[in-house]
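Student: Going by the working numbering, the residue at position 262 of the sequence shown is 313; the numbering climbs one at a time, nothing skipped. I'd like to ask some things about the structure below.
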Amino acid sequence: MASSFRSIALTAAVLALAGVHSGAQQAQQPQTPPASQAPADQQQPPPPIFRAGINFVRVDVILTDKNGNQITDLKPSDFDVTEDNKPQKIETFKLVKLDGGVQESIKEPPRQIRTDFDEEAEAARDDVRLFAVFLDDYHVRRGSSMSVRKQLTQFVDTQIGPSDMIGVMYPLESTYSVRMTRNHAAVSKGLDQFLGRKYDYRPMNDIEEQYAHYPAETIEIIRNQVSLSAIKGLIVHMGSLKEGRKSLILVSEGYTNMLPPQMRNADAQMPGLGNPNFNNPLAGVGDPNEDRAAWQAKMDIETDLRDVYDLANKNNVSIYSVDPRGLPVFEFDINESVGGQTDSKFLSETQDTLRELAENTDGRAIVNRNDIAGGMKQITRDASAYYLLGYNSSQAPSDGKFHEIKVRVKRSGVQVRARKGYWAMTADDTARALAGPKLLAPKPVEVALAAATARPSSASVIRTWIGTSRGENGKTRVTFVWEPLTRATSARSNEDPSRVSLMAVGTDGMPFFRGRVPDVALASTSSSAALTNGAAAGQPAKGPMRVTFDAVPGKMQLRVSVEGAGAQVLDSETREITIPDLTSGQAVLGTPEVHRARTAREYQQLKADADAVPLATREFSRTDRLLIRVPAYGPAGTAPALNVHLLNRAGAPMSELQASPAPGAGEQQIDLPLAGLAPGEYLVEIKSGDAGDEARELVGFRVTG
Numbered sequence: 052m053a054s055s056f057r058s059i060a061l062t063a064a065v066l067a068l069a070g071v072h073s074g075a076q077q078a079q080q081p082q083t084p085p086a087s088q089a090p091a092d093q094q095q096p097p098p099p100i101f102r103a104g105i106n107f108v109r110v111d112v113i114l115t116d117k118n119g120n121q122i123t124d125l126k127p128s129d130f131d132v133t134e135d136n137k138p139q140k141i142e143t144f145k146l147v148k149l150d151g152g153v154q155e156s157i158k159e160p161p162r163q164i165r166t167d168f169d170e171e172a173e174a175a176r177d178d179v180r181l182f183a184v185f186l187d188d189y190h191v192r193r194g195s196s197m198s199v200r201k202q203l204t205q206f207v208d209t210q211i212g213p214s215d216m217i218g219v220m221y222p223l224e225s226t227y228s229v230r231m232t233r234n235h236a237a238v239s240k241g242l243d244q245f246l247g248r249k250y251d252y253r254p255m256n257d258i259e260e261q262y263a264h265y266p267a268e269t270i271e272i273i274r275n276q277v278s279l280s281a282i283k284g285l286i287v288h289m290g291s292l293k294e295g296r297k298s299l300i301l302v303s304e305g306y307t308n309m310l311p312p313q314m315r316n317a318d319a320q321m322p323g324l325g326n327p328n329f330n331n332p333l334a335g336v337g338d339p340n341e342d343r344a345a346w347q348a349k350m351d352i353e354t355d356l357r358d359v360y361d362l363a364n365k366n367n368v369s370i371y372s373v374d375p376r377g378l379p380v381f382e383f384d385i386n387e388s389v390g391g392q393t394d395s396k397f398l399s400e401t402q403d404t405l406r407e408l409a410e411n412t413d414g415r416a417i418v419n420r421n422d423i424a425g426g427m428k429q430i431t432r433d434a435s436a437y438y439l440l441g442y443n444s445s446q447a448p449s450d451g452k453f454h455e456i457k458v459r460v461k462r463s464g465v466q467v468r469a470r471k472g473y474w475a476m477t478a479d480d481t482a483r484a485l486a487g488p489k490l491l492a493p494k495p496v497e498v499a500l501a502a503a504t505a506r507p508s509s510a511s512v513i514r515t516w517i518g519t520s521r522g523e524n525g526k527t528r529v530t531f532v533w534e535p536l537t538r539a540t541s542a543r544s545n546e547d548p549s550r551v552s553l554m555a556v557g558t559d560g561m562p563f564f565r566g567r568v569p570d571v572a573l574a575s576t577s578s579s580a581a582l583t584n585g586a587a588a589g590q591p592a593k594g595p596m597r598v599t600f601d602a603v604p605g606k607m608q609l610r611v612s613v614e615g616a617g618a619q620v621l622d623s624e625t626r627e628i629t630i631p632d633l634t635s636g637q638a639v640l641g642t643p644e645v646h647r648a649r650t651a652r653e654y655q656q657l658k659a660d661a662d663a664v665p666l667a668t669r670e671f672s673r674t675d676r677l678l679i680r681v682p683a684y685g686p687a688g689t690a691p692a693l694n695v696h697l698l699n700r701a702g703a704p705m706s707e708l709q710a711s712p713a714p715g716a717g718e719q720q721i722d723l724p725l726a727g728l729a730p731g732e733y734l735v736e737i738k739s740g741d742a743g744d745e746a747r748e749l750v751g752f753r754v755t756g
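Below, the structure is given as structure tokens:
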């Protein structure tokens, strides 16, 4: 993610190393040709290689005449650049002209985007334009969405070039599901299905069911938060893919944290209920209380919008706001009984929010137009021809503050559009930048995410989980859980797994356990071996099955054989496992167990059940509530304090969680409702002990819709 327009430019070597750093945008430095090679143009000496430190700034500038035509014949001497009103010397100058790959596609078709690697590699190219369309169905009326579909698809079909990459996102989608693609036909098909839901509070999914009966104004605030958070996520995603200019097309009718009195229903599903101003067009007119509330609501939405365009400027994303209402006369329908004065005020303020997002990100607000085609064409024009200027900041700030940039040209009649400034790196940012890039997530995070997101092969019939805790006499207790995978209804019943045959042996051949689950153990060297039977022997399993046994710490071989109802072997494998020693005098953690409750009653029962069988799956719905239990052992048998955090898929903390005593001895449990999480991958980080000698466990999981 690009956090500023600052560049790592210590030397040419540092530039090469820092080119993949995602925390700061890099200046591309052309190399000086060797002495034996004559320059192509003797009049233009090669640009210098800068050795001025982390103070290089890049800014793209769009120049147009009074008719909106691009101006492409200026020289560096025609520009004046100031930073915080102090003149800056232009060190690099380049006119960027792109056509979306029209000419290149004649020679060779552009590379298709099939994987994440394809997406990242192609989007980062200098000759590729990157676009995204955010369809804010929460803030577009149904009729408006249907009227704008054709114009959006025409934009993709006629203005997007063969090498251009474009993605589409809705408010409730995760950026993980957004693919920047060159399959423009699929994008057009998706745009043609856009259907707005503004002021329509009927729940369409489990998340919306949870607040369906909230007051209408509260739901509007929730929708604002959802939409603006999603826009910020998309901005960061685009910034992580490409350093240069990027275009975000926001299809929305604007934002407000307030509804007129006539629509402030106590229950959004029951218009008029508990609303004394329902059907009263004069309600709120001339009321000072309404004016104060409107002022406060405007301040709140201004703060939210500022967060969006600040983030867009950090990531070099220009927002193009498209109002699908066309040339509107009214904001509200006649059946909503909102007076003309109030209606006009809301219409003006919502359009102002669209202008604010566009004007503060070097984009354009396409509002008050029944035909948006001209404005949409300008989006690709802006991304097709611009000047890229670079300079070494004379101030070299490292204060983390915003620094204003002004660009002027010496030719009259020219409209100049450029970034308003950049956010300087802090001293910590600088240290991290010079420390070198971190190409991959920390290994424990990768392992936890891989365990959560791994998809069983089509040949697999069960999902398994193996955990450890303290056993008896210095041994480690091993818990093996398996659960059947969902199979097609057409599958024969004798192909369903009914039990698992398990054999655990040490490196010296000593058997730790031998038995079937569910069944009677055939042999075990530990008296503590226990089986949890969830189904009668020979019958297809319906849920998770568990067996526990004690083993000596060290290497262990686990042989697993899955049997069907007719005792035939459906699948088998052998695993090499390292059993940890949990008898240390320091704080140690066993393997966290994950339990799920779907109702409040289930949760209360689960919370009190010390013998609940954990799950092997790591994929859950937003309606689920997780209870994570972790064996935690402190010195001298004490219960150590746990530090628990919810992390995103990159391993960055999102929120702190609390651990409380569990009903089982030596265990603590963490309550984690999933209702507030967007679809995607997450981790729970559990730590105990001092920084120099801490125990740490990560639990990865995926949240679906």
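Glycine residues also receive a C-beta, built at the ideal position from the N, C-alpha and C atoms.
Under 8 Å by Cβ, that's how I've got LYS471 and GLU497 pegged, so tell me the actual separation to the nearest angstrom.
Tutor: With a Cβ gap of about 39 Å, LYS471 and GLU497 do not count as contacting.
Student: Taking the alpha-carbon of HIS190 as reference, which of GLU745, ARG432, LYS249 has the nearest alpha-carbon?
Tutor: LYS249
Student: Examine the Cβ distances between the segment 741 to 756 and the segment 635 to 646 and report whether three or more of them are shorter than 8 Å.
Tutor: yes
Student: In this structure, what does DSSP give as the bridge partners for LEU734?
Tutor: LEU698, GLY751
Student: For the 8 Å Cβ check, are there 3 or more pairs between the segment 398 to 406 and the segment 268 to 282?
Tutor: no
Student: Helix, strand or coil: which one does DSSP assign to THR393?
Tutor: Shown here, THR393 sits in a helix according to DSSP, grouped into three states.
Student: Contact between the segment 298 to 315 and the segment 371 to 380 is defined here as three or more beta-carbon pairs at a separation below 8 Å; is this criterion met?
Tutor: yes
Student: Please name the residue in TYR262, SER372, ILE352 whose C-alpha comes closest to that of GLN320.
Tutor: TYR262
Student: Thinking C-beta only, is MET220 closer than 9 Å to LEU181?
Tutor: Not in contact: LEU181 and MET220 (Cβ atoms no closer than 9 Å).
Student: Can you tell me whether ARG102 is helix, strand or coil according to DSSP?
Tutor: Low local confidence applies: a pLDDT of 34 at ARG102 is under 50, so the model's placement there is unreliable, with the coordinate-based value given in what follows. Coil at ARG102, not helix or strand.
Student: According to DSSP, ASN419 sits in a beta bridge with which residue or residues?
Tutor: Looking at the DSSP assignment, ASN419 forms no beta bridge with any residue, so it has no partner.
Student: Going by C-alpha to C-alpha distance, which of VAL380, GLN244, ARG468, GLY390 sits closest to SER399?
Tutor: VAL380
Student: Just checking my contact of VAL765 with ILE721 at CB under 8 Å: how many whole Å lie between their CB atoms?
Tutor: Examination of residue 765 is not possible in this model, given that the chain is present from 52 through 756 alone.
Student: Go ahead and pull the three-state DSSP assignment for LEU439.
Tutor: strand
Student: The beta strand (DSSP E) that contains GLU624, what's its start and end?
Tutor: 620 to 630
Student: Taking 6 Å as the limit between beta carbons, can you name the residues of its chain near SER372, skipping five residues before and five after?
Tutor: These residues qualify, in order along the chain: LEU301, LEU405, LEU408, ALA409, ALA416.
Student: Does the pairing of the segment 731 to 742 with the segment 695 to 708 give three or more beta-carbon distances under 8 Å?
Tutor: yes
Student: Could you give the DSSP three-state label for MET476: helix, strand or coil?
Tutor: coil
Student: Under DSSP, the alpha helix (DSSP H) around ALA348 begins and ends at which residues?
Tutor: 339 to 365
Student: May I ask you to report which of helix, strand or coil DSSP gives ASP177?
Tutor: coil
Student: Going by C-alpha to C-alpha distance, which of GLN139, ASN234, PRO691 sits closest to THR166?
Tutor: ASN234
Student: Where ALA237 and GLU624 are concerned, what is the direct C-alpha to C-alpha distance, given to the nearest angstrom?
Tutor: Roughly 41 Å between the two C-alpha positions.
Student: Leaving out five residues on either side along the sequence, give the residues of the same chain with a beta carbon under 8 Å from the beta carbon of ALA91.
Tutor: Caution is warranted here: a pLDDT of 41 is assigned to ALA91, below 50, making its placement in the model unreliable, and no coordinate value can be reported.
Student: Quick check on the burial criterion: 16 or more other C-beta atoms within 10 angstroms. Buried or exposed for ASN419?
Tutor: exposed
Student: Does the segment 520 to 533 come close enough to the segment 590 to 610 to have 3 or more Cβ pairs within less than 8 Å?
Tutor: Output reads yes: the segment 590 to 610 touches the segment 520 to 533.
Student: With distances taken from CA atoms, which of THR527, ALA667, GLY594 is nearest LYS606?
Tutor: THR527
Student: For ARG296, collect the residues of the same chain with a Cβ closer than 7 Å to its Cβ; drop the 5 residues on either side in sequence, then sort them by chain order.
Tutor: The answer, listed in chain order, is ASP111, ASN367, SER369, ALA434, TYR437.
Student: Between GLU670 and the rest of its own chain, which residues show a CB-CB distance below 6 Å, the 5 nearest in sequence each way excluded?
Tutor: Answer for GLU670: ARG753, listed in chain order.
Student: Am I right that LEU621 and VAL611 are in contact with their C-beta atoms under 8 Å? What's the rounded C-beta distance?
Tutor: 11 Å between Cβ atoms; not a contact.
Student: With a threshold of 8 Å, establish whether the CB of PRO138 neighbours any heavy atom of the ligand ATP.
Tutor: In terms of ligand content, the structure shown is empty, and the ligand ATP therefore cannot be addressed.
Student: According to DSSP, is ALA746 helix, strand or coil?
Tutor: strand
Student: Within 10 angstroms of the Cβ of ASN364, are there 16 or more other Cβ atoms? Answer buried if so, exposed if not.
Tutor: buried
Student: Would you report the Cα separation of GLY685 and HIS288, rounded to the nearest angstrom?
Tutor: 42 Å
Student: Got a sec, what are the start and stop residues for the beta strand (DSSP E) LEU279 sits in?
Tutor: Taken as a continuous stretch (DSSP letters only), LEU279 belongs to no beta strand (DSSP E), being part of the alpha helix (DSSP H) at 267 to 292.
Student: Are the beta-carbon atoms of TYR442 and ILE141 separated by less than 9 Å?
Tutor: yes
Student: For the segment 630 to 699, which segments carrying the alpha helix (DSSP H) assignment without a break, of at least 4 residues, lie completely within its bounds, in sequence order?
Tutor: 651 to 659
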